[in-house]
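In the numbering used here, the protein residues as written are 216 to 410.
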């Protein structure tokens, strides 16, 4: 259990590819630290800033440590995963529980805490999964927009200049002829038609 507690602490202090802590909220230092008495406490601040994924669209990249590792109700008290596993490890250590009743109570609290921790982790995984799905939708939308822009650009860039100039000259000639005939027809009077 002590090894599991160490692994959990290492996991809580994980970093992303840029070296930024995943669960420290908006802090740039590690998320959790172990004090001299062995207790583990959150060292970060707030929530992680949202990351832009499109124009006017952002997404929360990760959850803060307290949202994932803390807030467990065990035996009427609020605690965290580190305390649950640490208390269970101390109760199971030689001389950790003075009698069987204390050991049973510690095992019951540990079982309840681990069950709640599992539910909290599953909720966190579901939240990350929903954000990943949202990210995929936005990525698909951006890919479609990119393809549409490429088609539009190729339509503009792919114009044959000679053909376009010839078509423009034909249109200008037709316009000029139409304007000339209109001006002659508009100058005629009723007497000109009678002659």
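Think of the CB as a built atom: it goes at the ideal place given N, C-alpha and C, for glycine as much as any other residue.
- According to the DSSP assignment, residue 275 belongs to the beta strand (DSSP E) that extends over 272-275.
- Contiguous alpha helix (DSSP H) elements confined to the region 350-407 occur at 376-402, taking only those with 4 or more residues.
- By the neighbour-count definition (other C-beta atoms within 10 Å, threshold 16), residue 334 is an exposed residue.
- Shown here, residue 291 sits in coil according to DSSP, grouped into three states, outside any helix or strand.
- The continuous alpha helix (DSSP H) containing residue 284 extends over residues 280-284.
- Under DSSP, residue 266 forms a beta bridge with 274.
- One alpha carbon belongs to residue 326, the other to residue 239, and they sit about 27 Å apart.
- Taking all protein chains shown into account, residue 227 has 16 or more neighbouring C-beta atoms within 10 Å of its C-beta and is therefore buried.
- When DSSP states are grouped into helix, strand and coil, residue 245 belongs to the coil group.
- Residue burial is scored here from C-beta neighbours: residue 266 has fewer than 16 other C-beta atoms within 10 angstroms and is therefore classed as exposed.
- For residue 238, the three-state secondary structure derived from DSSP is coil.
- Secondary-structure assignment with DSSP links residue 255 through a beta bridge to 249.
- Where residue 221 is concerned, the enclosing alpha helix (DSSP H) starts and stops at 217-227.
- When C-beta atoms of the region 354-370 are compared with those of the region 315-324, fewer than three pairs fall below 8 Å, so the two segments do not count as touching.
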